[in-house]
Each structure stands twice: as C-alpha cells, then as structure tokens.
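Visitor: Residues 14 to 286 (the numbering used here) make up the sequence shown, in order.
Beta carbons are placed, not taken as given, at the ideal position from N, Cα and C, and that holds for glycine.
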Amino acid sequence: MTDYFPYENLRPNQREFIELVREAAEKGENAIIEAPTGFGKTVSVLAGVLPVAKELGLKVLYLARTHRQMDRVIEELKAISGKSPVSGVELRSRKDLCLHTYLTQFTSDAYTAMVVCKNLKKLGKCEFYENEKKKKAEFDELVHFFLEEPSHPTEILDYSQTLELCPYDLTKRISEKADVIVASYLYLLSPTIRENFISSLDVDYSDLIVVFDEAHNLPDQAISALSDKISINTINRAIKEADEYNEHEIANFLSIFGRGMEILFQEKLANRD
14 MTDYFPYENL RPNQREFIEL VREAAEKGEN AIIEAPTGFG KTVSVLAGVL PVAKELGLKV
74 LYLARTHRQM DRVIEELKAI SGKSPVSGVE LRSRKDLCLH TYLTQFTSDA YTAMVVCKNL
134 KKLGKCEFYE NEKKKKAEFD ELVHFFLEEP SHPTEILDYS QTLELCPYDL TKRISEKADV
194 IVASYLYLLS PTIRENFISS LDVDYSDLIV VFDEAHNLPD QAISALSDKI SINTINRAIK
254 EADEYNEHEI ANFLSIFGRG MEILFQEKLA NRD
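(1) Mind checking A38: buried by the 16 CB within 10 Å criterion, or exposed?
(2) So, with DSSP's three-state summary, where would you put K131?
(3) Entirely within the stretch 109-174 and at least 4 residues each: give me those alpha helix (DSSP H) ranges in chain order.
(4) Can you check whether the CB of E103 is closer than 9 angstroms to the CB of M83?
(5) In angstroms with no decimal places, state the Cα-to-Cα distance between Q174 and G273.
(6) If contacts are defined as beta-carbon pairs under 8 angstroms, then H157 and I87 qualify, I think. What distance do you get, rounded to the angstrom?
(7) Count the C-beta pairs between the stretch 230-247 and the stretch 260-269 that are closer than 8 angstroms, then say yes if the count reaches three, no if not.
(8) Could you name each continuous alpha helix (DSSP H) segment of 4 residues or more that falls completely within the stretch 244-271, going from the start of the chain to the end?
(9) Answer yes or no: do I222 and V73 have a C-beta to C-beta separation smaller than 9 angstroms?
(10) Check each candidate in L23, K149, A66 and name the one with the smallest Cα separation from V99.
(11) So, helix, strand or coil for Y198, using DSSP?
(12) Looking at the secondary structure, which residues open and close the beta strand (DSSP E) in which K72 lies?
(13) Does F225 come out as helix, strand or coil in the three-state DSSP assignment?
(14) Is it a yes or a no for the stretch 114-131 touching the stretch 39-52, going by three-plus beta-carbon pairs under 8 angstroms?
(15) Could you check whether the stretch 23-35 touches the stretch 50-59, counting it as contact only if at least three pairs of C-beta atoms, one from each stretch, sit closer than 8 angstroms?
(16) In its own chain, which residues sit with a C-beta less than 6 angstroms from the C-beta of A92, not counting the 5 before and 5 after it?
(17) Helix, strand or coil for V193, going by three-state DSSP, please let me know.
(18) What number of angstroms, rounded off, separates the C-alpha of V216 from the C-alpha of N209?
(19) Assuming E103 is part of the beta strand (DSSP E), what are its boundary residues?
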C-alpha cells in the first residue's frame, strides 16, 4: 500500500480508507465511500487501486465531473510516480485538444467537433493529422515519453504544437497503454462515447477498475448525458450557414422551427406566472 502513497504521514483513518478501497478492487466489488473535505480522498483511492491494477494487469479509469477535479488526479499521480512507476493521462474533448483553427473557431459542441475533425482528416485538410505519418518516429517517441510519468493536457498540447502533431490523437495513443486514464463522467455515461472509447482501448469492462469521483453528482450527470438539447443561438447559426450556401429551403425550415421554439418558451414562462 505504501508503495503508492507518496506522502510521509497518513492522516487519521486514511490507512483504513485505503485498505477498504484495495479490498473492494481485489474482490471486484463496488464500494461507496464518503470522507470529509481535506481528507485526501483522491490519493487514498489511487493508493488503494494501483497495487491491485498493477498485480492483475488492469487499467484504472478515474472519472470526475470537472476539469479541475481531473487535474487534481494527475497531480496526485505525478506525486506517486516520484515513488513508484505509474503512467497516467487526462482525456479532454477535441475542442480542448485541437490545434486546427477551423475546428476551434467554428464548432461549439462535441458532436460537431467530431464531425468536422473526421471530415478535415478525410479531405487531407488537417496538417497535424497528416504529420502523424510523416513524423511517425517523433509521434511514437512522444507516446513513449509521456508514458514515463503522468501527463497533463497542457504538456501534451505544448509538445504537440512544437512538433505540429495532433494532441487529441496523441492523447488517445497514450491512453491505450497508460496505467490510469482520467476522464469525465461522459466516457461511461454517454452510450455513444462509451462504445467508441472502450473500442479504442481494445479492452473489456472486466479489464477496468472504475472510480467515480464525487459520485453524488451521478444522477444529474446521467440525466444530462442522455438528454438532447438545442438552443436558439444554435438554430440562428445554422440559418446563417444555410444562407451562406444558398440552402434557402433549409434556412426557411430552421426559421419556422426556431420561431416554434420561441413560442413554446414564452408559453412555458406564462404558465409559471
């Protein structure tokens, strides 16, 4: 246990917490654990699951709600790696990990970013993706470099920008071999994202030790992940784009659809009064 606990002293009840996590991981059981703020839950969970993951050849999937919480996991993994070898990577969206100006400027959601990304690659319009073939040796060397110790998204972005490589694809490659993957809830809660994610890792669910950080947020996050929504601003942008390409029938349909949404919204507000 102490091999993966990077600090000199354990806080009260921290050893028991770590043992409880380790035992649940060994038995393949679920554990719901609560501890006060400042207890050191993140490092305690990692200290409990890492020995089991290493021994059984499993991958740890640590899911959190916010980027700040995800960053904290990487910070603790960096501390642990100073004592025992461990690799880890934090997954972010294409928008967060893209260097292509078209995608960063003209996409507003994950799905649109995915479609634009795939089309840019297909059309040979993404120099960073094309460079993966031209600079294969550098790409593979970066993967190996970032597997030496846990890496933060900004570090991957900086190195990728210098070598003009795709940070998103680089992160995916690192995740295939990393001991710990840190990601948002959506990587398991969203059916589409989950299917693509597990397939890209080439693992079964039985190969994973899954940690949900701040699990009391799960019900709301699950509802949100399985809900579709569209805003008036999105419709207005679509109308503008349709007009630019002289797709007047589409623009007319969207205008009617947008007006209908506005009427429904006004009626909903009126009913509240």
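Guide: Reading off the structure:
(1) Within the sequence shown, the letter at position 25 stands for residue 38. The residue is buried, with at least 16 neighbouring Cβ atoms inside 10 Å.
(2) Here the question's residue 131 lines up with position 118 in the sequence shown. Reduced to three states, the DSSP call for K131 is helix.
(3) 114-119, 123-135, 140-147, 149-159
(4) The sequence position of residue 83 within the sequence shown is 70, counting from 1. The sequence position of residue 103 within the sequence shown is 90, counting from 1. In contact: M83 and E103 (Cβ atoms closer than 9 angstroms).
(5) Position 161 of the sequence shown, counted from the first residue, corresponds to residue 174. Position 260 of the sequence shown, counted from the first residue, corresponds to residue 273. Roughly 45 angstroms between the two C-alpha positions.
(6) Your numbering for residue 157 matches position 144 in the sequence shown. Your numbering for residue 87 matches position 74 in the sequence shown. The Cβ separation is near 18 angstroms, so there is no contact.
(7) no
(8) 245-257
(9) The residue labelled residue 222 in the question sits at position 209 within the sequence shown. The residue labelled residue 73 in the question sits at position 60 within the sequence shown. Yes, these two residues count as a Cβ contact at 9 angstroms.
(10) Position 86 of the sequence shown, counted from the first residue, corresponds to residue 99. The candidate whose alpha carbon is nearest that of V99 is A66.
(11) Translated into the one-based positions of the sequence shown, residue 198 becomes position 185. Reduced to three states, the DSSP call for Y198 is coil.
(12) In the sequence shown, the residue the question calls residue 72 occupies position 59. Segment 72-77, the beta strand (DSSP E) holding K72.
(13) Counted from its first residue, the sequence shown places residue 225 at position 212. In the three-state DSSP reduction, F225 falls in the strand class (E or B).
(14) no
(15) yes
(16) Residue numbering aside, residue 92 sits at position 79 when the sequence shown is read from its first letter. Around A92: P19.
(17) For the purposes of this step, residue 193 is identified with residue 180 of the sequence shown, where counting begins at 1. If DSSP states are grouped into helix, strand and coil, V193 belongs with the strands.
(18) For the purposes of this step, residue 216 is identified with residue 203 of the sequence shown, where counting begins at 1. For the purposes of this step, residue 209 is identified with residue 196 of the sequence shown, where counting begins at 1. Cα to Cα, V216 sits roughly 11 angstroms from N209.
(19) Here residue 103 refers to the residue found at position 90 when the sequence shown is read from its first residue. From DSSP, the beta strand (DSSP E) with E103 extends over 101-103.
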